[in-house]
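Numbering (the numbering used here), first residue to last: 149 to 550. Here a beta-carbon is modelled for each residue, glycine too, at the ideal position from N, C-alpha and C.
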Amino acid sequence: MRDLATALIQRKQDNLYRQRETVDGPQGVELDIAGRRVLSFCSNDYLGLANHPEVVAAFHRGLDDYGAGSGAAHLVSGHGRAHHRLEEALADFVERPRALLFSTGYMANLGVMAALLGHGDRVFEDRANHASLLDGARLSGARLVRYRHADTGDLAARLQSAPPGEYLVATDGVFSMDGDLAPLADLAAASTRHGAWFMVDDAHGLGVLGRNGRGSVQAAGLDSAQVPVLMGTLGKACGTFGAFVAGSGELVETLIQQARTYIYTTAPPPALACATLAALARVRDDDWRRERLQALVERFRAGAGQLGLRMMASTMPIQPLLVGEAADALRLSAALRARDILVTAIRPPTVPAGTARLRITFSAAHTEQQVDRLLEALEQVFATRLQGEGETGYRSRGWPGP
Ligand SMILES: Cc1ncc(COP(=O)(O)O)c(C=O)c1O
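Quick look at the structure:
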């Protein structure tokens, strides 16, 4: 039996130990943690809907109408009218014939791949894809082929040299840890040329990009023939929880028959679907949230540029500050936390070794003053050799800095 205690100590020594924060009260840009009010720049609640009064009220009404639990899997007796309405609304929103709800995005990705592929088939994935897409490929039994990040040429070459079989190309629409966009039109064209399924995980694009927040696929001008499998999550810009897969009627019926993560699990509470329906209306109708978010991101990037911070090439609300070593990312995160600002350090294996970062994210609920407070804190953290906090001075070590 493996010695867990020793492995945990080793993890701590490697600066890779993960810890949770316990939040008292609702989600928002300001959080109560350990008796302190902290300004958060790390949630995926991009549009500020997680605690929106209309969404919360719809959840309450859903509880009155449907009770707390669904009672069973969708295919038994757990598929409520509210789930069904939400599926129809989501299909309509992403302009596809059908949509199927899953409990989580993680489960949706696993379910799709195992339903469409098996031994002898191949899944082609961007190296920076989310863990759930990579795990989905592994679980499906198909061979996983990883192509260079956002490199359609590399994908095309790998498709070209693959033996005959069923192929699926899968990519994040917006990369979760880098914030950049996949070259969707080129990837779709390469997939079509080689007769491959093309699947986009739009966890971070839905609600943020495209007409009325329809996501990265719509923003790229692609339809359901070019992107036959679209996965969207509901726990990010939509502010609630869950996920869906949208596509043709045949795709959705196949998933209902064969996606094990759909079949063998209890349906989410119908009241949650009521809340998500209310959130979807805000996503669709509140263009001002996206405009505000974009303005905050631009304000931050301009300020970060003046400070000489090495930001990654992202125009999205995900603004990673590349640090390098896990220990440095942890120190920076702790220094911000000492100023009551919460930005988590993202470390391997979530990102490749040597690319630890602060994943700074923005919400339409942030104010300009709050963005400025973050910039001031970053300036202090980077400029000051912090005495007595165990920090050795980032500039003196050559990183980060102008
Ligand atoms: C790109 C991407 N796909 C899938 C998921 C999983 O979605 P969920 O949190 O609903 O399981 C996430 C994040 O959680 C993600 O960032």
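Beta-carbon spacing of residue i, residue j below 9 Å
i: P465; j: Y214; result: no
i: S364; j: P245; result: no
i: T319; j: N257; result: no
i: E236; j: Q366; result: no
i: A525; j: L484; result: yes
i: R338; j: L378; result: One detail in the question is off: residue 338 reads as Ala in this sequence, not Arg. No; because the gap between Cβ atoms is not below 9 Å, this pair is not in contact.
i: A333; j: G369; result: yes
i: A429; j: E202; result: yes
i: L399; j: P376; result: yes
i: A263; j: Q454; result: no
i: A482; j: A220; result: no
i: T509; j: C190; result: yes
i: A385; j: L197; result: yes
i: S218; j: H227; result: yes
i: H342; j: A310; result: yes
i: A427; j: H200; result: yes
i: G472; j: T492; result: no
i: F241; j: V431; result: yes
Rounded straight-line distance, which links the Cα of residue j to that of residue i
i: P174; j: V186; result: 13 Å
i: R565; j: R507; result: No answer is possible for residue 565: it lies beyond the span of the chain, which begins at 149 and ends at 550.
i: L316; j: V260; result: 10 Å
i: T381; j: V519; result: 26 Å
i: Y410; j: M255; result: 8 Å
i: L281; j: S288; result: 11 Å
i: G387; j: N192; result: 8 Å
i: A205; j: N163; result: 42 Å
i: S188; j: L457; result: 19 Å
i: Q535; j: V529; result: Because Q535 carries a pLDDT of 39, less than 50, the predicted location of this residue cannot be relied on, and the following value inherits that uncertainty. Cα to Cα, Q535 sits roughly 11 Å from V529.
i: S324; j: L470; result: 14 Å
i: Q517; j: V322; result: 27 Å
i: D180; j: L523; result: 21 Å
i: K160; j: E178; result: 29 Å
i: G353; j: M149; result: 43 Å
i: R533; j: P497; result: Legend: pLDDT at R533 = 42, less than 50; position of this residue unreliable, value from coordinates given subsequently. Near 29 Å, if we compare the C-alpha coordinates of P497 and R533.
i: A305; j: A230; result: 45 Å
i: D172; j: A336; result: 44 Å
i: Q158; j: A474; result: 14 Å
i: D151; j: D435; result: 53 Å
i: R275; j: R296; result: 6 Å
i: A531; j: F448; result: 18 Å
i: R438; j: A279; result: 27 Å
i: L480; j: V348; result: 33 Å
i: G210; j: R487; result: 40 Å
i: Y412; j: D212; result: 27 Å
Residue i classed as buried or exposed, judged by whether at least 16 other C-beta atoms fall within 10 angstroms
i: P550; result: In this predicted model, P550 has a pLDDT of only 31, less than 50, meaning its place in the structure is not dependable; the value taken from the coordinates is given anyway. Exposed, by the Cβ-count rule.
i: W345; result: buried
i: D433; result: exposed
i: E273; result: buried
i: G538; result: Unreliable positioning characterises G538 in this predicted model, as indicated by a pLDDT of 44, which lies under 50. The coordinate reading is nonetheless provided below. Exposed is the call here.
i: G284; result: buried
i: L156; result: exposed
i: V356; result: buried
i: V445; result: buried
i: P548; result: Residue placement at P548 is flagged as unreliable, the pLDDT there being 45, under the threshold of 50; the coordinate-derived value follows with that caveat. So P548 counts as buried.
i: P312; result: exposed
i: G183; result: exposed
i: L301; result: The sequence shown places Gly at residue 301, not Leu. By the neighbour-count rule (16 or more Cβ atoms within 10 Å), G301 is not buried but exposed.
i: D371; result: exposed
i: R168; result: exposed
i: D476; result: buried
Residue i beta carbon near ligand 2 (any heavy atom closer than 8 Å)
i: M255; result: Ligands present in the displayed structure are limited to ligand 1, and ligand 2 is not among them.
Cβ separation of residue i and residue j, assumed to be a contact under 8 Å, to the nearest whole Å
i: R505; j: I489; result: Contact flag wrong, Cβ pair sits at about 16 Å.
i: A351; j: L441; result: The pair is not a contact, with the Cβ atoms about 16 Å apart (cut-off 8 Å).
i: T340; j: Q374; result: 7 Å
i: M459; j: A450; result: Not quite, the Cβ-Cβ distance comes to about 11 Å (not below 8 Å), so this is no contact.
i: L425; j: R233; result: 6 Å
i: E314; j: L265; result: 6 Å
Count the CB pairs spanning the region 269-276 and the region 414-432 that are closer than 8 Å, and state whether there are at least three.
no
Contact between the region 321-337 and the region 285-294 is defined here as three or more beta-carbon pairs at a separation below 8 Å; is this criterion met?
no
Specify whether the region 249-256 and the region 392-411 touch according to this definition: at least 3 beta carbon pairs, one from each stretch, less than 8 Å apart.
yes
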